[in-house]
Amino acid sequence: MADWKQELENIFLSDSQASRAERENARFVRFLREVATPALEEIAEEMRRLGRVASVRAAPASTILTIYRDGNVEEICYSVTRQYVNDGILPRANARVVRMNARTTNHDEPFRPDGVKYTIDDVTKEDVIRSFLTFYRMTKGQ
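Structure follows, in structure tokens:
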């Protein structure tokens with residue numbers, strides 16, 4: 025009869041794991057809404073002021089900023105997405121960069137250097153903007 029106790033414990037464990045996953049997903053959605061999307065909207069506004077076409081698309085799993093020059097030539101598509109790690113979800117920067125020679129490169133990087141432990145709460149709007157600038161420099165060959 026001891027098997028039923030183990031089964032009951034497994035039910036409780038799976039319940040708490042689902043709750044943890046739900047909490048982590050909610051934190052990531054909040055991060056996108058409060059940090060990443062406002063940062064990308066600020067960048068888009070400035071890029072428009074500088075004569076580029078810029079659009080921001082927010083979704084539950086990511087926020088995407090696309091910049092065009094000359095109205096229809098993509099320069100960069102930059103997004104903030106989620107990365108699942110052992111102890112939660114971390115935001116991650118992704119970029120498709122079209123260089124001046126028309127060569128396209130894809131990049132996928134954390135918001136902190138490899139090996140530096142951080143949480144979703146450590147990533148700020150300034151980090152997102154700094155990350156975008158790093159990739160945008162590549163469009164100019166810098």
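Per our numbering, the sequence shown starts with residue 25, numbered consecutively.
Every residue gets a Cβ at the ideal spot worked out from N, C-alpha and C, and that includes glycine.
This structure is a prediction, so every number in the text was calculated from the model and none was measured.
Assuming the contact rule is C-beta atoms closer than 8 Å, residue i and residue j should be a hit. Round their C-beta distance to whole Å, please.
i      : j      : result
Val152 : Ala83  : With 8 Å as the limit, Val152 and Ala83 do not qualify as a contact, their Cβ atoms being about 16 Å apart.
Ile100 : Phe159 : 6 Å
Phe156 : Ile35  : About 45 Å separates the two Cβ atoms, so there is no contact after all.
Gly165 : Arg123 : 6 Å
Ile144 : Arg51  : 6 Å
Alpha carbons only, please: which of the options is nearest the one belonging to residue i?
i      : options                        : result
Pro134 : Pro115, Val121, Glu66          : Pro115
Thr148 : Pro62, Gln107, Arg44           : Pro62
Asp132 : Leu157, Lys141, Arg120, Arg154 : Arg120
Ser79  : Arg73, Ile91, Arg154           : Ile91
Asn118 : Ser103, Pro137, Arg57, Lys141  : Ser103
Leu64  : Glu46, Leu89, Val53, Arg73     : Leu89
Arg136 : Thr129, Asn130, Thr128, Arg154 : Arg154
Applying the criterion that 16 or more other CB atoms from any shown protein chain within 10 Å of the CB defines a buried residue, is residue i buried or exposed?
i      : result
Met71  : buried
Arg81  : exposed
Arg106 : buried
Leu32  : exposed
Thr87  : buried
Ala126 : exposed
Val109 : exposed
Ile113 : buried
Which residue or residues does DSSP assign as beta-bridge partners of residue i?
i      : result
Ile153 : Answer by DSSP bridge pairing: none, since Ile153 is not bridged.
Ala60  : Bridge partners of Ala60: none, in fact.
Ala78  : Ile91
In chain order, which continuous runs of the beta strand (DSSP E) of length 3 or greater are located wholly inside the region 82-139? Listed in chain order, they are 86-93, 97-109, 112-122, 128-134.
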